[in-house]
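Colleague:
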Amino acid sequence: MCYIKIGDRMKKIVIVFIFMILGIFITFFYLNQEKIYDDDYMVYALEVSAYKDFDEASNILDSLPSGIMVYDNNNYKLYTGIYEDIDLVNRMIATLTEQNIKVYLDTIKVDNVFYKNLINYEKLVRKTTDSKLYDNLNQSILNSYAKSVANA
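Structure follows, in structure tokens:
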């Protein structure tokens with residue numbers, strides 16, 4: 699029989715290597731679990747303003763090309779766009795600036811279902827150059843968000 703004698707130093711190296719591999723595996727598994735079970739995503743919201751009075755907010759909402767009103771923290775917030783892609787956010791800001799509409803960039807938490815819908819809508823928005831279609835897609839995104847907030 700042939701025996702290989704492993705010295706103390708080699709044993710320590712093997713043990714350290716095993717623990718490193720185990721640590722990498724546990725870290726990888728933990729990080730993937732976080733992504734699987736994470737139901738909240740952060741996206742950009744273009745907020746026109748927030749009002750205490752419903753009628754005042756409603757009047758401003760009617761003047762926007764597209765928008766929704768969300769009641770949050772005792773305020774009626776008016777959103778005119780919600781996007782995950784910063785390039786689309788910049789495109790929307792440029793469009794609104796041309797229409798003399800001032801917006802504030804905010805980040806909001808959205809659920810997994812809305813987030814997946816948003817990603818699909820964004821694919822369509824990137825392809826369109828027609829302003830009417832663009833406004834319709836934008837309003838569809840906002841309506842989808844309003845529905846997700848109402849169901850929460």
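If you count the sequence shown from 1, you need to add 698 to reach the working numbering. Ideal placement from N, C-alpha and C gives every residue a C-beta, glycine not left out.
#1: Between the C-alpha atoms of S842 and F812, what's the straight-line distance to the nearest angstrom?
#2: Please say whether E745 and Y781 have beta carbons closer to each other than 8 Å?
#3: For V823 and E796, I'd like the C-alpha separation in whole angstroms.
#4: So A748 and I806 are supposed to be a Cβ contact under 8 Å. How far apart are they, rounded?
#5: Suppose contacts are defined by Cβ-Cβ distances below 8 Å. Is L816 in contact with V741 by that definition?
#6: Judging by CA-CA distance, which residue of M718, D751, L831, D738 is the nearest neighbour of N771?
#7: Whose C-beta lies closer than 6 Å to the C-beta of L794 among residues of the same chain, with five residues either side of it excluded?
#8: Return the first residue and the last residue of the beta strand (DSSP E) that L786 is part of.
#9: Could you give the DSSP three-state label for T725: helix, strand or coil?
Modeller: In this structure, then:
#1: Taking the straight line joining both Cα atoms gives about 7 Å.
#2: No, they are not a contact pair.
#3: Straight-line Cα distance between these residues: approximately 18 Å.
#4: 13 Å between Cβ atoms; not a contact.
#5: Taking 8 Å as the cut-off, the beta carbon of L816 is found closer than this to the beta carbon of V741.
#6: Of the residues M718, D751, L831, D738, the one whose Cα lies closest to the Cα of N771 is D751.
#7: Within the same chain, L794 has close Cβ partners V801.
#8: Counting along the chain, L786 sits inside no beta strand (DSSP E); it lies in the alpha helix (DSSP H) bounded by residues 784-796.
#9: In the displayed model, T725 falls within a helix according to three-state DSSP.
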